[in-house]
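Under our numbering, think of the first position of the sequence shown as -6, with each following residue one higher. The structure appears below as structure tokens.
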Amino acid sequence: SVRTVVETPNGPMPFQHYFVREHCAPRALGFQFAGAADAKPHPEFMASLQNAGLAGVIVCPSNPFVSVGPILALPGAKAALKDCGAPVVAVSPIVGGQALKGPAAKMMAELGLDVSALSVAKHYGKLLDGFVLDQTDAALEADVSALGLEVLVTNTVMTTLDDRIALAREVTNFCARIEKS
-6 SVRTVVETPN GPMPFQHYFV REHCAPRALG FQFAGAADAK PHPEFMASLQ NAGLAGVIVC
54 PSNPFVSVGP ILALPGAKAA LKDCGAPVVA VSPIVGGQAL KGPAAKMMAE LGLDVSALSV
114 AKHYGKLLDG FVLDQTDAAL EADVSALGLE VLVTNTVMTT LDDRIALARE VTNFCARIEK
174 S
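Structure below.
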């Protein structure tokens, strides 16, 4: 199993302790994924990335450090994503300089990063082929595009089922328009 550990001024702290008991109060200095080197991605995950019919891989708007990070820390996961034939697209979890949920914005600030969708796009880097910005962050479109990414600007804030359906439809259509680099 992989255990997320938050590096803090008080020493390393298991993520659940940091999140539940400490309410994310200690400063996050970095992250470790204990056991990742000995873990393996699920075989179905790896096989699906090799499927010629795969239309896209969507990284949902989750915390890039403690939600997506443990997956990417697994041996072979990043390489499999880079090598898959489908475009890899991320939806920004940061809208208007804030995380809509959870400690992502706090963590970014504590790591010395600008709390912005652009910083998220830079964090994922060459792993991605496309990036989805909320319309609030439309001014960042050129900067994200300059990273070599295709960009979709749309409403990413999902407050209703219709919002969720609309975003899913737009992002899957966006994947279909991207030429895998």
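Using N, Cα and C, we set each Cβ at its ideal position, and we do this for glycine too. Treat the numbers as computed from the prediction; the structure is a model and nothing was measured.
- Its Cα nearest to that of L140, the residue A110 stands out among A110, T165, M6.
- Taking C-beta atoms as the reference points, A79 and K173 count as a pair closer than 8 angstroms.
- Check the Cα spacing between A72 and each of F38, G46, K99, S85: the tightest is with F38.
- Apart from sequence neighbours up to five positions away, the residues of its chain that approach A131 with a beta-carbon distance below 6 angstroms are V146, ordered along the chain.
- E134 sits in a helix when the DSSP states are folded into three classes.
- For R14, no alpha helix (DSSP H) segment is defined, and its DSSP state is neither H nor E.
- If you look at E143, you'll find it in the beta strand (DSSP E) that goes 143 to 147.
- When C-beta atoms of the segment 162 to 172 are compared with those of the segment 47 to 57, three or more pairs fall below 8 angstroms, so the two segments count as touching.
- Contiguous beta strand (DSSP E) elements confined to the segment 45 to 99 occur at 50 to 52, 81 to 84, taking only those with 3 or more residues.
- The criterion of a C-beta distance shorter than 8 angstroms is satisfied by I87 and V113.
- The beta carbon of K115 sits closer than 7 angstroms to the beta carbons of L140 from its chain, once the five residues preceding and following it are set aside; these are given in chain order.
- For T152, the number of other beta carbons within 10 angstroms of its own is below 16, and it is reported as exposed.
- Cα atoms of F24 and G62: separation of roughly 9 angstroms, rounded to the nearest angstrom.
- By the Cβ neighbour-count rule, N56 is buried, with 16 or more other Cβ atoms within 10 Å of its own.
- In the displayed model, G123 falls within a strand according to three-state DSSP.
- From the listed residues A32, A29, G89, G95, the smallest Cα separation to Q9 is found for G95.
- For V137, the closest alpha carbon among the candidates T149, N148, D122 is that of D122.
- P19 and G69 do not touch by the CB rule: their CB atoms are close to 32 angstroms apart, not below 8 angstroms.
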